[in-house]
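Notes follow the structure.
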Amino acid sequence: MNFLRSFHNIVSDQQQSFDEKIDNLLKFGLNVFDLEIAIISEVIGSQYVVRHVITADNSLAVGTVFDLAGTYCVHTLAASKALAFHQTSTSRIAHHPCYVNFQLESYIGAPIKVGKDIYGTVNFSSPNSSTPFSEQAHDYVELFAQWLGSEFARKSANQQLLKNNNRLVKLESIANIGSWEVDLLTNKVTWSEQTRRIYQVDDAFIPDLDSAIGFFKEGESRNSITHAVEVGMKTGGKWHLDLELITAKNNSVWVSAFGEAEFVDGACVRLFGTLQDVTESVLLREELKSKQAQAERMLEDRSILFAKISHELRTPLNGITGMLTTLLGEQSEEKRVEKLKVALRSADILLNIINEVLDFSKINHGELKLEPNHFLLKTIFVDLASLYIPLFKANNIDFKTQIEIADDCWAYCDNTRLSQIASNLLSNALKFTDTGEVNFKVNVAQVNKQLALHLEVSDTGRGMTKAFLESLFSPFTQEVDAKSNKGGTGLGLAIVKELIEYMGGVIKVNSTFQQGTTFVVDIPLAIGTMQVEMNQYAGTTIDTSGLSVLVVDDNQINRFVLDATLEKLQIKADFAVDGEDAILKCKQTKYDLIFMDCVMPQLDGLEATKILRAENICRYQDTLIVALTANTSATDKIACKEAGMDMFISKPFKLHLIEEAVGIAVTRLVKRNN
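Count along the sequence shown from 1, then add 347; that gives the number in the working numbering.
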């Protein structure tokens, strides 16, 4: 919000010249992006010409020419939108001539368009790395570029008018600028042909001063031009005004009116000037104002979003930290195992909530895709109940469960989203119930070859006012006395409602202030089929004594976690910190199994795998390469497969998936030796 206000103050200051505005705008941009070099360039063919520049040591002069291909801006123009690199040395353009020659680590820029043509770029850079540039930063540099393009267009048109006075007729047609003159001695008004086009009058129309002014829209526009003419006739003052004009055909257009007076012997004898149709520019300014308001709303929404994330994360974090803390002094092996299970379940819920928040924008844009699978329906709610039992007990709240689902009832839907829905409702019940009880009821019936899931969560908590209930499912909504009500409900329930409706269900709520709340959810589910455990190696003893394993990951904690996991399988692995290190180790050692992270500096896992496969660096053709990554989209999985990876395991990983990978590698080893 402060950015937009400062930007507006700079560009709307009528006391500053165009060059002064640009200078202040570039200084402002350096401060906003925390960078050191600001440039406005003009692209002429394959040349990059510096037109405006600010550097700390004034080492770069206006007029300096570079080869366009040797600048980062060649990528900006190719993208045709804002582009940024916060650490070029680890990016896809690390070998670009601009980085090689000037070592500019951070860069953000956008193309400047004058009409439909590319003028050049506005860009900010620094030899130092910066924090990743946000979406707002991209919006801001786009805003700079849009304003500059509009002003360059206007400046170009005005300069052309002044320099080519002898070509006025042709210029008027091209730039949509008309000229006018008022002879005060004869009261004759003369309009050029382009001016008549702007007014949309016919050839027979004969204007006078009053009728010319009468075309300007009544109110501010007409009052402004009337005052300007009166002052000009008295003092000789010039005017430049943007005004709304209603044409003879009753169309609304915006014009930029320039005018001045001519005096002879102290008396005003003539008024003359130009009139330019700037409707497109004015509409652009209005669009920028709209974007400003939208940006302000986005900043406010994101601020509230961060607060709401805290609301969603507290329960599973409490489960993890609480269980792990009590383990420190726990002597009973049975209790230690049970507390570890609760902590692991809490970790699963935490991961689901993080994914839910990340998916929120996809829900709003209709881009979220459910990932259905076959599963035992009852296990979802039994696991949730076992997670929340100790949490409610710790808060002295009676937690009653009634799960009426057959043990052999298989459903086919997105079980992760279903768990999120129930978990969110239970979390809210826990949070807003100080005394009394919470009831968790779930049942299912078969209707028309489908399962009809019915879920209720009721509590004897604080309840909600009627006014708050009306906006309960709106994102980022908080009650007036949110502080006393522990922050209210907002993002979580908004997501729940979107998910339920996306799954074809409905959610209803009944609440009485200071008495309690009941949420009722009905969701149709497809009938699932019984699934056989796919991991044939789970629970079996695998001889890993002859297995050679390499773990490739740039993160030390990830390497430590996988090392500890492999030790449970009696495997002592080798480690590489990036793709280049992995290739070097594979040249030295024959590995049966490689766990490969995908996103790493220097050389990522995908490129490293392609090299290992293409150049036969893996001594064994059947070496099992397993993608182990936090990127879990369908596109990521396809990319891993195309790179030559055999399996895909997402982080945080499950032990049985590691066991499965080890089992496959051992099987290949045995076949190879036989």
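Positions of the beta carbon are idealized from the N, C-alpha and C atoms, including for glycine.
In this text the structure is predicted, and so the values were computed from the model without any measurement.
_Where residue 784 sits in the DSSP three-state scheme_ = strand
_Those runs of the beta strand (DSSP E) which lie wholly inside the segment 353 to 440 and span at least 3 residues_ = 384 to 391, 394 to 401, 412 to 414, 430 to 432
*Can you say whether residue 755 is buried or exposed, counting buried as having 16 or more other CB atoms within 10 angstroms of its CB?*
exposed
*For residue 625, I'd like the list of residues in its chain whose CB is within less than 7 Å of its CB, leaving aside the five on either flank, ordered along the chain.*
589, 601, 602, 603
*Using three-state DSSP, classify residue 813 as helix, strand or coil.*
helix
*Whole angstroms is fine: what's the gap from residue 559's alpha carbon to residue 422's?*
50 Å
*Cβ of residue 807 within 8 Å of Cβ of residue 875?*
no
*Based on Cα-Cα distance, which residue from 1014, 467, 435, 991 lies nearest to residue 476?*
435
_So, for residue 418: in the same chain, excluding its five sequence neighbours on each side, which residues have a beta-carbon less than 6 Å away from its beta-carbon?_
395, 445
*asked:* Check whether the segment 967 to 980 and the segment 922 to 932 are in contact - that is, three or more C-beta pairs closer than 8 Å.
replied: no
*In whole angstroms, what separates the C-alpha of residue 627 from that of residue 775?*
51 Å
*Residue environment, residue 906, which counts as buried when at least 16 other CB atoms sit within 10 Å*: buried
*Are the segment 722 to 737 and the segment 765 to 774 in contact at 8 Å, needing three or more beta carbon pairs?*
yes
*asked:* Give me the DSSP bridge partner(s) of residue 971.
replied: 940
*How do the segment 479 to 493 and the segment 395 to 404 stand: do at least 3 beta-carbon pairs fall below 8 Å, yes or no?*
no
*asked:* Taking the beta strand (DSSP E) that residue 914 belongs to, which residues open and close that run?
replied: Run containing residue 914: none in the beta strand (DSSP E); it sits in the alpha helix (DSSP H), 903 to 914.
*Do residue 385 and residue 376 come within 8 Å of each other at the CB atom, strictly closer than that value?*
yes
*asked:* Mapping the DSSP letters down to three states, classify residue 945 as helix, strand or coil.
replied: coil
*Just the C-alpha distance for residue 832 and residue 951, rounded to the nearest angstrom, thanks.*
Because residue 832 sits at a pLDDT of 41, beneath the cut-off of 50, its placement in the model cannot be relied upon, and the point is left open.
*Note down the Cα distance separating residue 948 from residue 955, rounded to an integer number of angstroms.*
11 Å
*Please check the pair residue 454 and residue 470, which I expect to be a contact at CB under 8 Å, by giving their CB distance rounded to whole angstroms.*
6 Å
*If we ignore side chains and look at the alpha-carbon of each, how far apart do residue 820 and residue 664 end up?*
24 Å
*To which residues of the same chain is residue 798 closer than 8 Å at the C-beta, ignoring the five residues directly before and after it?*
724, 756, 758, 791, 792, 871, 872, 873, 874
*From residue 373 to residue 358, what does the alpha carbon distance come to, in whole angstroms?*
12 Å
*In angstroms, rounded to a whole number, what distance separates the CA positions of residue 432 and residue 1013?*
43 Å
*Quick one: Cα of residue 535 to Cα of residue 529, how far?*
6 Å
*asked:* Give me, in chain order, the residues of the same chain whose beta-carbon lies closer than 8 Å to that of residue 963; leave out the 5 immediate sequence neighbours on both sides.
replied: none
*Three-state class that DSSP yields for residue 855 in the structure shown*: strand
*Inspect the beta-carbon positions of residue 853 and residue 918 and report whether they are closer than 8 Å.*
no
*asked:* Tell me the rounded alpha-carbon separation between residue 744 and residue 813.
replied: 25 Å
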